[in-house]
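Here's the structure, in C-alpha cells; my notes come after.
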C-alpha cells in the first residue's frame, strides 16, 4: 500500500458554480460590524480593555447578519455580499472617512459602498475620534520617526492602520477539544489564581475575556445550525435538503466540541479561520500545515468507509473557495502595495515533523489538486522542500506551477530550520515551521511574529548620502560628509551605513510605538486563546503572551543597492570615469530625462522648506513662483549628453543575478547593511527584531516615491522586488540568477526572503520540462537558497490581458509573496510583472 496517493481527482461540478457566484459582482463595504462594535463600546465605558474587547466580539457574533450561500457545504461568512468586507474603526477610520466617495473608483482594489452605508459609517466614526490604535501609536512615536515616514524612508502602515494578524493558531486543538475544551483550560487556570497575587487583576480579567470569546464563537456556530435547519425545512430539493441538514448537524457540534468526522473538521477549521478575521482586521491569518492537522480525520473516515476520496476533495475545494470569500479594504496607498484583494492566507504542505521525518501524505497532494480545481489566488499555497521530499510531490507541485497560477511557492527546510533555531526556537519547533502571509516562517500556535511590520526602502538612505541627510529641505537622516570630501569608496560606503543605521532606528521606534498601542487598545482574547502560552501567562499575544515574540520588518531594493554601490566603486573610485559630483547631478536630472512632475514638486518643496527655515513667510504666491522657477530650469544639450553617457557606462557594469561571484558577494555584503543592524533591537513584548528581504508589491508604489539610483534606474520607477535581480538585468539564464541569489546569507534573514522568476510556458512543457524545473529548485536549495516562486505566462498573454481584460477574468499571476487576478492589479503593478525577465531552459 502506498504511503500517499498521487492520483488526480476529478473536479466536482459544484465548484465552478461556487466560483462564478463569488465573482459575480464588485465587492462591497458593509457597516454591521462597525455599528455593533461601537454599540458595545458605548455600553462598556470604564471597564478593562480586555473585557471590552471580549464583550464587543460577543455582541458582534450574536447580531452580525448571517447567510448560507447557494450550494455551500462549508458555511460562515463575515458579510452578506460575496467577497465583501466589514470595517474596523478601532484601529483607524480617518483614511476611510476621507475615501468614502472615491473607494469605488480607485485603480487598485475598488469597493462599492451604498450612500446609506457611507452616512452610517460617518456617524459611527464620530465616536472613535481619539480612541484608535493609530492615534495612540502616533503619540508614542518620536518626531524624527514620524518625519521618516513622511519622507518615505519606510512605512509601518500595515499595522499603523490595521490589526496585526500574521499568525497561525492551534487549529488542531480546536479540532480536538473544541472551544469547550479551551474554555475549560481557561477556567482551570482562573481557579488557580489567588486574589492576593500581584498579577491577579490583569490575569483574571484576561481569562474571563477568553471564556466570553469562546462562548461567543460557539453561539455564532449555533446560529448557523439554526439557520440551516430552517432552510432545510423550507427546501424542496431533496439533495440540497440533506446537505442543509448535514450543515445543521455539523454546526450544532463544532467548533464547540471536538470534530468527529473529516466534514466536521473542515467546518470547524473554517469557523476558526473566519472568526479570527471578524475579531480583528489583521490579514495573513495563515492555515499553516493543513495537510498535517486535518489528516487524522481524513484517514479515519476513509479507512472506515465513511467518506470517499472524491467527497473529501470536494470539501477541500469548498474551503479553498471560502478562503477567497474573505476580503479587506485598505487605504488607497496601501491598496497599491497589496493590490489584488489579497489576504495572504498561506497554507503549506509537505516537510518534516519534529523528529525530522518526512510527513507528506494524501492530503498534501489533494491540497495541490484543490488549487488546480478552483484556480483562485487563495489560499496562498506553499510547499516545504528538503532532501527527504518525495519526487512525486515536487512533480505534482510543478504541474500546478505550470498552470500559470503562480502557486505553489517553494521553501527550503534546510535553510529555514537553522535560521529559526538561530532566533531561539527549539529544534522540534523549528522543524514544524509553517509560512505566514508572503514568505515569513514561524512556529504555529506559539508565535506572535509581527511579520511584515514595515517596508524599508534601502534606496532612500542612499539618496540621503548625496544630500548629507537632507530631503525636501528637512534633515531626515544624519549629517554625513559632503560627497566632495569622500576620497575613497570606503568613505562613501561608511556614509551609507550611517544613514542606514539611523533610519533603521527610526523604523524600530515607529514599530514599537504601534506595538505598544495595540497592546493597550486592541488586545485580542479570542486569537490569544489559541496561542501558547497566553492562557498560562494570563496575557494576550499583544501583551507578550506568546512563547516566541518577534518583530519582522522587511527591507527591499537589494539588487538596486548592490548594483548602485558596485557601479560607484568601479566607475567613480577605481576607473574614475566620472565624479560623485557628476553622478549627483545626473541623478537629480534623471540621467538627462529632466524633471518629471514628482521631481518638480520635491525640489520646489525643498526650496520652500529652506526658505521657511530661514524665517521667510511662505504663501501661495511664493509657492507658485518657486514652482514656475523650477519648471523653467532647462538642461543644455551637452549636459543631457553627459548624463546619458554616465547612465550608459553604469548599464555596462556587471549586474547582480548573472553568476558573477565578485558582484554577488558584494550584494551579500550590501544586504548585511540591513539584516545585521536590525538584530540588536528588542520589542515591547520581550522579543527581538529580525530581518526580512521582500516587498510584497510595495516595490512599485514606493519606487514611485524614490529618485533615480546609481544602477541606471530612472526616478519614480519600481525598485527590485525581494532578493530578485532587477527586472531585465539577469541575462544569463535562470540557473545563473538562482546561483547569484543563493550567495546572499539567507540564514540571517529569518523573517523570509522572496525570489521571483518568470518562465515562458514552453519551458515547463511535457515531463521533461517538469523534471528540469524540479532540478532547478533542488539545485538552488542545495546552494542554500531559502525561497523560490514563479510566474509561468508569456509576455504576449499579459499584454493582451491589459488590452482586453474582459477576456482574462480568471488569469491568476504571481505578484510578490502572493498570487492575484491579473486584471484586478493596478496598471503599474501589471507593468512590473511584464518587465520581469522571461526565462527558459
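Numbering (the working numbering), first residue to last: 1 to 841. From the three backbone atoms N, C-alpha and C, an ideal C-beta is built for every residue, glycine too.
To the nearest angstrom, report how far apart residue i and residue j are at their CA atoms.
i           : j           : result
residue 4   : residue 230 : 41 Å
residue 79  : residue 582 : 58 Å
residue 819 : residue 775 : 23 Å
residue 125 : residue 104 : 19 Å
residue 800 : residue 134 : 42 Å
residue 460 : residue 217 : 46 Å
residue 538 : residue 56  : 20 Å
residue 470 : residue 464 : 6 Å
residue 335 : residue 13  : 34 Å
residue 496 : residue 553 : 19 Å
residue 269 : residue 175 : 7 Å
residue 851 : residue 766 : Nothing about residue 851 can be reported from this structure: the residues present for the chain run from 1 to 841 only.
residue 330 : residue 449 : 21 Å
residue 255 : residue 267 : 8 Å
residue 59  : residue 50  : 14 Å
residue 70  : residue 311 : 18 Å
residue 75  : residue 411 : 32 Å
residue 690 : residue 143 : 24 Å
residue 477 : residue 557 : 18 Å
residue 81  : residue 28  : 7 Å
residue 736 : residue 338 : 30 Å
residue 703 : residue 154 : 12 Å
residue 761 : residue 734 : 14 Å
residue 45  : residue 413 : 49 Å
residue 482 : residue 697 : 34 Å
residue 68  : residue 24  : 17 Å
residue 772 : residue 540 : 48 Å
residue 723 : residue 753 : 6 Å
How should residue i be labelled, buried or exposed, when 16 other C-beta atoms within 10 angstroms of its C-beta is the threshold for buried?
i           : result
residue 130 : exposed
residue 26  : exposed
residue 200 : exposed
residue 576 : exposed
residue 655 : buried
residue 570 : buried
residue 304 : exposed
residue 454 : buried
residue 751 : buried
residue 618 : exposed
residue 479 : exposed
residue 30  : buried
residue 633 : exposed
Have a look at the options and flag the residue whose alpha-carbon is nearest the alpha-carbon of residue i.
i           : options            : result
residue 456 : 501, 170, 666      : 501
residue 560 : 426, 162, 708      : 708
residue 584 : 629, 550, 646      : 646
residue 246 : 225, 694, 528, 256 : 225
residue 227 : 239, 726, 205, 250 : 250
residue 592 : 714, 621, 664      : 714
residue 440 : 380, 834, 405, 458 : 380
residue 7   : 363, 514, 244      : 363
residue 568 : 833, 651, 606      : 651
residue 508 : 87, 90, 96, 145    : 145
residue 184 : 535, 778, 741      : 535
residue 309 : 318, 366, 319, 281 : 366
Any idea which residues DSSP pairs residue i with across the strands?
i           : result
residue 265 : Paired residue(s): none; residue 265 is not in a bridge.
residue 29  : 85
residue 813 : 820
residue 579 : Answer by DSSP bridge pairing: none, since residue 579 is not bridged.
residue 548 : 447
residue 787 : 411
residue 692 : 554
residue 346 : 380
residue 839 : 759
residue 574 : Paired residues: none, contrary to the question.
residue 511 : Answer by DSSP bridge pairing: none, since residue 511 is not bridged.
*Entirely within the stretch 638-683 and at least 4 residues each: give me those alpha helix (DSSP H) ranges in chain order.*
661-675
*asked:* Quick check for students: name the residue ranges of the beta strand (DSSP E) that lie wholly in the stretch 706-781, counting only runs of 3 or more.
replied: 756-759
*In chain order, which beta strand (DSSP E) runs of at least 3 residues are fully inside the stretch 379-459?*
380-385, 409-412, 433-436, 440-443, 451-457
_Segments assigned alpha helix (DSSP H), at least 4 residues, entirely inside the stretch 72-124_ = 94-99
*Which whole runs of the alpha helix (DSSP H) in the stretch 298-356 are 4 residues long or more, in chain order?*
Within the stretch 298-356, the complete alpha helix (DSSP H) runs of at least 4 residues are 309-323, 332-337.
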